[in-house]
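Trainee: Quick note: the sequence shown uses numbering that gives the first Met the number 0, first residue 0, plus one each step. Cβ coordinates follow ideal geometry from the N, Cα and C atoms, glycine included. The structure displayed is predicted, hence computed values, not measured ones.
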Amino acid sequence: MSLFRFKGFPGTGSFRHGIHPPDNKALSYESKVEVMDTPETVTLPLLQNLGVPCKPIVKSGQTVRYGELIGVGEAFVSAALHSPIAGKVKKMKVVTLPNGKRLTAISIHAEGEQIPPEKLWEEMTSKDWPRDCISIYDPLTIVKIIHDSGIVGLGGAAFPTHVKVTPNDTRMIDTLMINGCECEPYLTCDYRLMKEASRSIVTGALLTGRAVSAKEIVICVEDNKPEAITKLREATEQTVIKIAVLKTKYPQGSEKQLVQAVLGLEIPLGGLPSDVGVAMSNVGTVAAVARGVIKESPLTHRVISISGKGIKTPKNLFVPIGISMGEVINFCGGITQDAARIIAGGPMMGFSFSDLTAPVTKGTSGITVLTHDEISNEQETSCVRCGRCVDACPMNLVPTRLALAARYNNPSIASQYHINACFECGCCTYVCPAKINLVQLIRTGKRLVAAWENR
Ligand code: SF4
Ligand code: SF4
């Protein structure tokens, strides 16, 4: 059977529109995950998830153990926070994240004996993750452990996972889709996780599937990751899990496009995957579920990619949440002389930043450093009405209209053209020959609409 034939699913293996940017994954594709040592200090913002911040339960001067609960997610859409190191809590401080948000954070200085992070990574990559005793876990127990472990979506969205898996009488889940597409150029952290820790992903997928009572579980991977597909095929043998191998196209990893490609279903505008009976989780998220349930370990570490032509030695790293971006970059030899832009995440959906003290958070999938050659310095010109942005938009929006509405301060038109359905994938900006930063204008437009709706 060919590895790349898309069959056994109602979808076509792809979605309408989208783009094919160079994936540039070769820079870090072959770099095995390296484990970083425990840093001197970690900085943990109280809000690392979509939703409401957690409430701190530690005081300055207090000693904490590895994995100790330091923040409680009191609201339903919130996530608990745990210490990734043993140490002493310092004074609370305010940090600025790459997306510009200023947040209160708990700072912890390392003290005392640490759990070697290599041990945690060895656990993740072990071949001994169970696949046959999943039914001993009651679904509600799994949901509670996910909640208590502070697990959020590790693909970048950071939506609290317990919210997705909590039973809902009005929305039954048929299919659990595990997202291993990693369609953002440069990033390879999910690829390495699928290749090196496939067994933990499979255990986590089975547990998550049990939590949502899914009839089907599908792990979705793009066809530019053949070695990960082989590993997952081996790890899923004699399980109910299917593998969907999709055509490589950006943004294949976004929820709506993935559901369309694999199941042939359309999520309604403004709707969620659960509206069509689907729950979706990233591969890293389900690996965290496996650790939470089987090892009783909360989410304290994650894999990230450090890549781009502007980084001396691109790597994939297993790091504690809260380590600074600067330390991670230094571990990769620092930036090159022609480095021009540092981005949290990938170049399509990431945020440029310059404050290297900013911490890695639960939602940080990587850092991309671009050189002057890779950045367009061309000046913006007038729209030539070529329609390329419309052809590229995977949401069937009219980006040029949305941008105009934002430019001319017209929230009514922006709303009429469904500006909030834009998930800021960046396809329109990428293809625009007039070099108009459409996404930036659309972000402004969304803020205008929010203010107009709350007037
Ligand atoms: S309008 Fe939004 S969803 Fe459409 S291409 Fe642009 S950024 Fe992507
Ligand atoms: S791609 Fe750029 S130039 Fe072409 S219609 Fe869209 S905004 Fe105008």
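In whole angstroms, what is the alpha-carbon distance linking ILE334 and GLY7?
Mentor: Those two C-alpha atoms are separated by around 45 angstroms.
Trainee: Quick one: is ARG191 buried, meaning 16 or more other Cβ sit within 10 Å of its Cβ, or exposed?
Mentor: It is buried - the Cβ of ARG191 has at least 16 other Cβ atoms within 10 Å.
Trainee: Count the other C-beta atoms from every protein chain shown that fall within 10 angstroms of the C-beta of MET0, then say buried if there are 16 or more, exposed otherwise.
Mentor: Because the pLDDT of MET0 is 39, which lies under 50, any placement of that residue in the model is unreliable, and the question is left without a value.
Trainee: If you compare alpha carbons, which of LYS241, THR11 and LYS87 is closest to GLU455?
Mentor: Outside the shown range of the chain, which is 0 to 454, sits residue 455, and nothing can be said about it.
Trainee: Please determine whether the Cβ atom of PRO20 lies at a distance below 6 angstroms from any heavy atom of ligand 4.
Mentor: Ligands in the displayed structure: ligand 1 and ligand 2; ligand 4 is not one of them.
Trainee: Am I right that ARG290 and MET123 are in contact with their C-beta atoms under 8 angstroms? What's the rounded C-beta distance?
Mentor: 7 angstroms between Cβ atoms; contact.
Trainee: Please return the same chain residues whose Cβ sits closer than 8 angstroms to the Cβ of LYS58, not counting the five positions on each side in sequence.
Mentor: Around LYS58: VAL88.
Trainee: Quick check on DSSP: helix, strand or coil for GLY365?
Mentor: In the structure shown, GLY365 sits in a strand (DSSP, three-state: E or B).
Trainee: When the Cα of VAL142 is compared with those of MET193, PHE75 and TRP128, which residue comes out closest?
Mentor: Nearest option by C-alpha distance: PHE75.
Trainee: Take LYS90 as the anchor and find which of SER77, CYS182 and HIS108 has the nearest alpha-carbon.
Mentor: Of SER77, CYS182 and HIS108, the residue nearest in Cα terms is HIS108.
Trainee: Looking only at its chain, what residues have a beta carbon closer than 7 angstroms to the beta carbon of GLU326, apart from the 5 residues adjacent to it on each side?
Mentor: PRO38.
Trainee: Could you round the C-beta distance between THR229 and LYS24 to whole angstroms and report it? I think they count as a contact, below 8 angstroms.
Mentor: Not a contact, Cβ separation roughly 17 angstroms.
Trainee: Curious, which full-length alpha helix (DSSP H) runs of at least 4 residues does the stretch 155 to 195 contain?
Mentor: Runs found: 160 to 164 and 188 to 195.
Trainee: Given that a residue counts as buried once 16 or more other Cβ atoms are within 10 Å of its Cβ, and exposed if not, what is LEU26?
Mentor: Per the 10 Å Cβ criterion, buried.
Trainee: For the beta strand (DSSP E) containing LYS314, name the first residue and the last one.
Mentor: Element bounds for LYS314: 314 to 319.
Trainee: Helix, strand or coil: which one does DSSP assign to PHE330?
Mentor: Helix.
Trainee: Quick check: the Cα distance between HIS300 and LEU139, rounded to an integer number of angstroms?
Mentor: HIS300 and LEU139: Cα-Cα distance of roughly 25 angstroms.
Trainee: DSSP beta-bridge partners for PRO44?
Mentor: DSSP output for PRO44 lists ALA104 as bridge partner(s).
Trainee: Within its chain, find whatever has a CB closer than 8 angstroms to the CB of LYS92; leave out the 5 residues flanking it on each side and keep chain order.
Mentor: Here the set comprises THR42, THR103, ALA104 and SER106.
Trainee: Along the chain, where does the alpha helix (DSSP H) that runs through MET123 open and close?
Mentor: Its alpha helix (DSSP H) spans residues 116 to 124.
Trainee: Hey, how far is the Cα of GLU121 from the Cα of PRO129?
Mentor: So the alpha carbons of these two residues sit roughly 15 angstroms apart.
Trainee: Taking 6 angstroms as the limit between beta carbons, can you name the residues of its chain near ALA78, skipping five residues before and five after?
Mentor: Once the five neighbours on either side are set aside, the close Cβ partners of ALA78 are ASN48, GLY72, GLY149, VAL151 and PRO159.
Trainee: At which residue ranges does the stretch 205 to 236 contain complete beta strand (DSSP E) runs of 3 or more residues, listed in the order of the chain?
Mentor: List check, beta strand (DSSP E) in window: 215 to 221.
Trainee: For VAL285 and ILE177, which I take to be in contact (beta-carbon distance under 8 angstroms), what is that distance rounded to the nearest angstrom?
Mentor: With a Cβ gap of about 6 angstroms, VAL285 and ILE177 count as contacting.
Trainee: Give me the residue from PRO20, CYS421 and ILE342 with the minimum Cα distance to CYS182.
Mentor: Measuring from the Cα of CYS182, the nearest candidate turns out to be PRO20.
Trainee: So, with DSSP's three-state summary, where would you put LYS24?
Mentor: Helix.
Trainee: Who are PRO358's beta bridge partners in DSSP?
Mentor: According to DSSP, which records beta bridges pairwise, PRO358 is partnered with SER323.
Trainee: Where CYS392 and PRO9 are concerned, what is the direct C-alpha to C-alpha distance, given to the nearest angstrom?
Mentor: Those two C-alpha atoms are separated by around 23 angstroms.
Trainee: Tell me whether MET394, by its Cβ, gets closer than 6 angstroms to a heavy atom of ligand 1.
Mentor: Result yes, Cβ under 6 angstroms from ligand 1.
Trainee: Please return the same chain residues whose Cβ sits closer than 7 angstroms to the Cβ of LYS445, not counting the five positions on each side in sequence.
Mentor: These residues qualify, in order along the chain: ILE418 and ASN419.
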